[in-house]
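The structure is reproduced here in structure tokens:
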């Protein structure tokens, strides 16, 4: 209390040397608390002085900053490297005579998918998002959780939860079926799936939790519920999800949504740069795990549609440039190209 500063360290944690930036901030805090004297009120730091630096924020909040790498992509790197190593060994020892499954474009044929950052393919996006959730569960650091997300304490169905529910990792197919059922019943879009993953990683970062076999269903359900309300421009009620899951109550859904928002610190904003980063990282995850988006040869009709869209965007860009063009120019910033006189004999 007062001007005294105390620090509590867990006895089980290993001692770590503080960084140089942390020591500088601690010294600044000590000097700022010693400014007050007996006759004045205690000096309080401004909130801007207590804000973390950009580098620390980038490391801790990947769902808020476009320059920070996504958590699911880093957790999948180990499995991808092992798979590539095993595939290389199998290719060296046993040369498979089968045809290549990947399609490549040529001068005569161009393969293109129907997924864009503004209109992703629904089925492929759900597969990629559930694969990211699968890697979150498989390569988790620990089993940190809260009671509100525990499926044993708050079951989603009347079927008894097995005793070893907290130790058996779910397969990718099980996660995909769970998410696909919710999306098809609620008629959600592919963009909502990407925002769901953003909210999920934001929850794990802010609340310092781990998604594990005991809580993955309720965490995913809470993220989908919040994303459907924020992203989709339609009225979504919690009772709608109760009609899908049947055995869950409205009170339980309300409580879970309230806890989810509090753990997110009511930060439901998803910048366009963060959304685009998650979309392209999901495509990278799909390519690394052979989950290719459906490719089709570029037809004449499709090319005409793409050309029409590009022309429309080009016309809009020209209109914006006309509106942004200044009618007057200051003489200070006016540069005139001077021509050197030439004598022609």
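Numbering (the UniProt record's numbering), first residue to last: 1 to 345. Even glycine gets a Cβ: it sits at the ideal position worked out from N, Cα and C.
C-alpha gap between residue i and residue j, whole angstroms
i	j	result
residue 131	residue 243	26 Å
residue 277	residue 117	10 Å
residue 72	residue 237	30 Å
residue 193	residue 136	16 Å
residue 170	residue 134	7 Å
residue 58	residue 145	Its pLDDT being 45, under 50, residue 58 is placed unreliably in this model, and the coordinates cannot settle the point.
residue 190	residue 148	27 Å
residue 99	residue 291	Bear in mind that the predicted position of residue 99 carries a pLDDT of just 44, short of 50, making it too unreliable to give a figure here.
residue 166	residue 143	9 Å
residue 263	residue 303	46 Å
residue 74	residue 115	23 Å
residue 176	residue 182	10 Å
residue 69	residue 184	30 Å
residue 216	residue 178	11 Å
residue 123	residue 285	15 Å
residue 228	residue 138	26 Å
residue 128	residue 249	30 Å
residue 259	residue 203	11 Å
residue 218	residue 275	23 Å
residue 214	residue 281	27 Å
residue 61	residue 224	20 Å
Option nearest residue i by Cα separation, candidates the options
i	options	result
residue 265	221, 205 and 168	205
residue 212	168, 230, 73 and 192	168
residue 199	122, 257 and 284	257
residue 125	180, 222 and 78	180
residue 120	69, 187, 274 and 283	283
residue 188	157, 209 and 235	235
residue 158	286, 247 and 232	247
residue 287	68, 77 and 186	77
residue 172	154, 289 and 300	289
residue 154	222, 301 and 228	222
Per-residue burial, residue i [other beta carbons within 10 Å of its own, 16 or more giving buried]
i	result
residue 163	exposed
residue 251	exposed
residue 279	buried
residue 254	exposed
residue 67	exposed
residue 273	exposed
residue 239	exposed
residue 300	exposed
Three-state class that DSSP yields for residue i in the structure shown
i	result
residue 165	coil
residue 67	coil
residue 117	coil
residue 124	helix
residue 178	helix
residue 154	coil
residue 211	coil
residue 244	helix
residue 183	helix
residue 77	helix
residue 148	helix
residue 143	coil
residue 227	helix
residue 304	helix
residue 249	coil
residue 287	helix
residue 130	helix
residue 281	helix
residue 269	coil
The ligand PLP heavy atom lying under 8 Å from the CB of residue i
i	result
residue 236	The ligand PLP is not part of the structure shown, which contains no ligands of any sort.
Residue i and residue j closer than 9 Å at C-beta
i	j	result
residue 268	residue 220	no
residue 226	residue 261	yes
residue 63	residue 151	no
residue 245	residue 156	yes
residue 210	residue 140	yes
residue 186	residue 241	yes
residue 195	residue 270	yes
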